[in-house]
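There are 4 protein chains.
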Amino acid sequence: MKTTIKEKFQIKPESPVLIEGLPGLGMVGRIATRYLAKHLKAEKFALLYSPHFPYYVIVNKKGNARLLRGEFHYWKNPRGRDLILFTGDSQAQTIEGQYEIAETILDFAKKHKVDTIVTLGGYRKEAGETPQVIATATDTAILNKALNADASPSPSGNPIVGTAGLLIGMAKFKNIPALCLLGETRGYLPDPKAAKSILQVLQKMLEISVDLDHLDEEIVKSDKILEKMRQIEARRETYAKKMRKGEEDKTTYIS
Amino acid sequence: MKTTIKEKFQIKPESPVLIEGLPGLGMVGRIATRYLAKHLKAEKFALLYSPHFPYYVIVNKKGNARLLRGEFHYWKNPRGRDLILFTGDSQAQTIEGQYEIAETILDFAKKHKVDTIVTLGGYRKEAGETPQVIATATDTAILNKALNADASPSPSGNPIVGTAGLLIGMAKFKNIPALCLLGETRGYLPDPKAAKSILQVLQKMLEISVDLDHLDEEIVKSDKILEKMRQIEARRETYAKKMRKGEEDKTTYIS
Amino acid sequence: MKTTIKEKFQIKPESPVLIEGLPGLGMVGRIATRYLAKHLKAEKFALLYSPHFPYYVIVNKKGNARLLRGEFHYWKNPRGRDLILFTGDSQAQTIEGQYEIAETILDFAKKHKVDTIVTLGGYRKEAGETPQVIATATDTAILNKALNADASPSPSGNPIVGTAGLLIGMAKFKNIPALCLLGETRGYLPDPKAAKSILQVLQKMLEISVDLDHLDEEIVKSDKILEKMRQIEARRETYAKKMRKGEEDKTTYIS
Amino acid sequence: MKTTIKEKFQIKPESPVLIEGLPGLGMVGRIATRYLAKHLKAEKFALLYSPHFPYYVIVNKKGNARLLRGEFHYWKNPRGRDLILFTGDSQAQTIEGQYEIAETILDFAKKHKVDTIVTLGGYRKEAGETPQVIATATDTAILNKALNADASPSPSGNPIVGTAGLLIGMAKFKNIPALCLLGETRGYLPDPKAAKSILQVLQKMLEISVDLDHLDEEIVKSDKILEKMRQIEARRETYAKKMRKGEEDKTTYIS
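First to last, the protein sequences are chains U, Y, D and G. Each step along the first sequence adds one to the number in this note's numbering, with nothing skipped, and position 29 is 11. Each step along the second sequence adds one to the number in this note's numbering, with nothing skipped, and position 180 is 162. Each step along the third sequence adds one to the number in this note's numbering, with nothing skipped, and position 159 is 141. Each step along the fourth sequence adds one to the number in this note's numbering, with nothing skipped, and position 68 is 50.
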């Protein structure tokens, strides 16, 4: 088995934008891309399979099992540029697999005349109430569009790991302008807040409008989990402090 | 060396069922498949070799060494559908190897006009006296057959790792209906009880009859080992509790 | 770069025996093969290179650097069957590499009409003054020759790891009878004593005669190192015992 | 994606010298090669990309992201042999990748009629004020040139890891004389002092002249960091000694 894309039906987009968001830091890219696909009612039209994904299948709600895969969704934009949205279950598990999957996606993009790529992900940072969106790109023209839509330029030296990174790096060889948007996130929990920040930049840039209310519900839930974890952490630290104190007392006492 | 199957003699099955059980959780799939092959007196007719198996040979009772391999057995069913039984020494050791071996098995199945695949394995759970059998499938028709034979539907989100999983995931591309049966098992010891549960479902589904008495002997042996391990574990815990008690006393005393 | 063999000059052996000994447990196979090559004054006639060897070069006494490699030596036997001796710097570093290198060696053996293969290695065991030699083979005929030359049959289930194992496992596909001889060794130090035991079996089997006196010098040296290590270990244990005693006293005192 | 070299423009060198220095021990090879390229005003004329580099992109000062890569620079020497300077972001991440990249560089060297290769790196040693330069080579003729330029011969058995090593090891197959120069370094910090020692040998050997003053600035900076680290280390050790003393007192007291 090679990395392959199986098309369920043919689409005829006109110079569409490809948006990519796979699982990664804070699941930011995946949450944003899935949210877009769902709320735009984009249609799943192609599936990407690869021997570089983890070697298991997952059972769906109907009780059927399927391979891990990537999914391409197509949204016919009535008022502007069409979108192809790519998300999936997993990143490639090996270095060579990462490059192979990125190249397969780019060939597919080229075939469908994609003329802009936007990859989404997380950026590790203790973010404030409104996480910032960090942008980097293949060239200054597309980068400026993101900056005009309230993104901030990425600090230099910043590494962007995985498919979100390799797609921009390799897009240059296919002459497709590509942009990467990263939402600030602590990263260890799914972070809908960072995803929302990204979607706000995207909406402005692409002149589309998506109702983000359902994402707000996710944010409320996620904030509650976070708060609970903070309380547990605080209790754990108080306890650890006490323990250390006891140890120190003991040491002092004995010596 | 590539993954290859060497046929010792040609078989002419009519739309046979392929049953797969490689080593895995609780060795459930392997125990069940080997038991079937032995008690049906199925004939070993083909061997699968792969550079993705571990790189050692094993010595048999006659003192001869052989590569790790998979083994296909053929059973000519006098009263119904023929069986091809696949088991072996090991799973593939790399991600890409897992996909390659699953694909090689499927091509071989296609060549022999297999029209149903059943993969067997373990499902990690503290099981009761009679372990349940969890089922998932490529489609609802074949899944229902298993449910009618007393299997339970798999919870959604359940990952099925290794060849048992990938075969169902990839069977879809070859248009072969495939079913996975997982016996509940604690998983860290060979578990003939879980294998028996699976065989009972299989017998009902495939309308075959296999004497399971010898498996009962295995179960008695395995229960004894388990009981011994529980006793050791209990003693270990009592001892650890005492130790912790001592430590706490000491801490309390000092601080 | 692929795994390749570069021949420095052409040899015309008549149904030679191929003896293999790469680094492994106790370096037994390598010590035995190198000793044979040196004391028979066998000629280095071919080199095996592979991208599966570790990625460094080593500097020789003249200050020149060279890739890691395998070396084939040829010995024209004036009174019997010719020998091809294979040894080298390293085993392959990946599973797939192990299979690839074993296959390359076998193709080379076939080309040179090798009709017997003997692979050498170590067998982990606390050995007595004269380590035993454990034998396993592709078939009973060749195994019996080893048993008649004072080797013992391998226990069943014994795994033979690496090139020494895979060569026997894969020799069957090329119809070359193959034998594996393993010298008992503790395994964590180069073990010339185990190598000597193997050479004694080999001499008898192949009806050749090699002066093993120089190996005895190695054994004396190695025994001295071993003795020193035992003394250090004994001191370390005495000290550790004292420490534990102190800890126990302390615990008792406090609680 | 395969390992490939993209040429930005064609060069016509006459039997040039290829100098290689990738990241490694003390970053010695990379610092030296980059310094040469910068101060000779060599032109970047070709880029090497590979799926064996880490799977991320890095953001440059303009905010644009690019793949990790190797860079070839060309310097037209007005008074002698031209130079091709190769450096880059990273070494290959897998064994097979290391061999593949080395081979790709050598094919490129052959194409451009390179007739001497010099690879640069670090040699782990507690070096004095002027680190020595250790040399090894494919043959004695080129090795002697380095020794005449104040390099010291490498001790035998010394392993040279990575591209600097494999290039010399594989250069022999392409009939290109190759030399490796290693600057003594503690290795855990970028070490411009070791790089300077190498450049002094190179200048003498190649009869070129490069102003090393800017490197001296780097050395002053690096010495300051080193001094600070030594102070921290010294304080840490004093503290650890005190702690151990306390523990020993306590033990003595109790038992």
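A virtual CB, placed ideally from N, CA and C, is assigned to each residue, including glycine.
Three-state class that DSSP yields for residue 215 of chain Y in the structure shown: helix
Apart from the five residues on each side of it in sequence, which residues of its chain come closer than 6 Å, Cβ to Cβ, to residue 154 of chain D? Once the five neighbours on either side are set aside, the close Cβ partners of residue 154 of chain D are 120.
Beta-carbon contacts of residue 234 of chain U that lie in its chain and below 8 Å, excluding the five residues immediately before and after: With a pLDDT of only 46 at residue 234 of chain U, under 50, the local geometry of the prediction cannot be trusted, and the value read off the model is given with reservation. Result list for residue 234 of chain U: empty, nothing under 8 Å.
Examine chain U for any beta-carbon lying closer than 8 Å to the beta-carbon of residue 49 of chain G, and answer yes or no. By the rule that beta-carbons nearer than 8 Å mark a contact, residue 49 of chain G touches chain U.
Expressed to the nearest angstrom, what Euclidean distance is found between the alpha-carbon atoms of residue 132 of chain Y and residue 184 of chain Y? 10 Å
For residue 251 of chain Y, which option in Y:211, Y:14, Y:144 has the closest C-alpha, if you only look at C-alpha atoms? It is not possible to answer for residue 251 of chain Y, since the shown part of chain Y is limited to -17 through 237.
Under 8 Å from the C-beta of residue 32 of chain Y: neighbouring residues of chain C: Given the protein chain composition of this structure (U, Y, D and G), no chain C is represented.
Can you tell me whether DSSP reads residue 37 of chain D as helix, strand or coil? coil
Over the uninterrupted beta strand (DSSP E) stretch that includes residue 106 of chain D, give me the two end residues. 98 to 106
If we cut at 8 Å on Cβ distances, does residue 105 of chain Y have a partner in chain U? Taking Cβ atoms only, chain U never reaches closer than 8 Å to residue 105 of chain Y, which makes this a no.
Using the beta-carbon count (16 or more within 10 Å), is residue 122 of chain D buried or exposed? exposed
Residue 160 of chain Y (DSSP reduced to helix, strand or coil): The answer is strand: DSSP assigns residue 160 of chain Y an E or B state.
Beta-carbon separation (whole angstroms), residue 209 of chain Y vs residue 34 of chain U, contact threshold 8 Å: Actually they do not touch by this definition, with Cβ atoms about 44 Å apart.
Under the three-state reduction of DSSP, which class applies to residue 171 of chain U: helix, strand or coil? Residue 171 of chain U: coil per DSSP, three-state reduction.
Among G:16, G:215, G:62, which has the Cα closest to the Cα of residue 2 of chain G? G:16
Whether or not the segment 191 to 200 of chain D and the segment 175 to 183 of chain D are in contact is what I'm after, with contact meaning three or more pairs of Cβ atoms, one per stretch, closer than 8 Å; do they touch? yes
Sequence-distant residues of the same chain with beta carbon closer than 6 Å to residue 169 of chain Y, five excluded per side: 7, 8, 104, 106
What do you reckon, are the CB atoms on residue 112 of chain Y and residue 179 of chain Y nearer than 8 Å? yes
Strictly under 8 Å for the Cβ-Cβ distance: is residue 256 of chain U near chain Y by that measure? In the structure as shown, chain U starts at -17 and stops at 237, and residue 256 of chain U therefore has no counterpart that could be examined.
Can you tell me whether residue 31 of chain D is buried or exposed? The criterion is at least 16 other CB atoms within 10 Å of its CB, across all chains shown. buried
Could you work out which residues of chain D lie near residue 183 of chain G, taking near to mean beta carbons separated by less than 7 Å? Within chain D, no residue comes near residue 183 of chain G; the closest Cβ sits about 15 Å away, beyond 7 Å.
If distances are taken between C-alpha atoms only, which option among G:124, G:118, G:207, G:36 comes closest to residue 139 of chain G? Taking residue 139 of chain G as reference, the option from G:124, G:118, G:207, G:36 with the minimal CA-CA separation is G:118.
Who are the neighbours of residue 143 of chain Y on chain U, taking C-beta pairs under 7 Å? 37, 38
Quick one: grab the DSSP three-state call for residue 116 of chain U. strand
Listed by chain order, chain G residues near residue 213 of chain U by CB distance under 7 Å: Near residue 213 of chain U there are no residues of chain G at all, since even the closest Cβ is about 34 Å away, more than 7 Å.
Span of the beta strand (DSSP E) around residue 68 of chain D: 65 to 70
Quick check on the DSSP output: the beta strand (DSSP E) that includes residue 26 of chain D runs from which residue to which? Under the DSSP assignment, residue 26 of chain D falls in the beta strand (DSSP E) whose first and last residues are 25 to 31.
Compare the C-alpha of residue 167 of chain D against each of D:218, D:141, D:115, D:191 and name the closest. Nearest option by C-alpha distance: D:115.
Taking Cβ positions only, does residue 148 of chain U come closer than 8 Å to chain G? yes
For chain U, is any of its Cβ atoms less than 8 Å away from the one on residue 54 of chain G? Residue contact check for residue 54 of chain G against chain U: no CB pair falls below 8 Å.
Is residue 94 of chain D helix, strand or coil when you go by DSSP? coil
Whose Cβ in chain D lies nearer than 7 Å to the Cβ of residue 176 of chain G? Under the 7 Å cutoff, chain D gives no residues; its nearest Cβ is about 18 Å from residue 176 of chain G.
Is there a C-beta anywhere in chain U that falls below 8 Å from the one on residue 240 of chain Y? Since the first residue shown for chain Y is -17 and the last is 237, residue 240 of chain Y is missing from the structure and cannot be characterised.
Name the chain U residues that come within less than 9 Å of residue 130 of chain Y, Cβ to Cβ? Those within 9 Å of residue 130 of chain Y in chain U number zero; the least Cβ separation is about 14 Å.
Which first and last residues belong to the alpha helix (DSSP H) in which residue 16 of chain Y is found? 10 to 21
Under the three-state DSSP convention, the category residue 53 of chain Y falls into: strand
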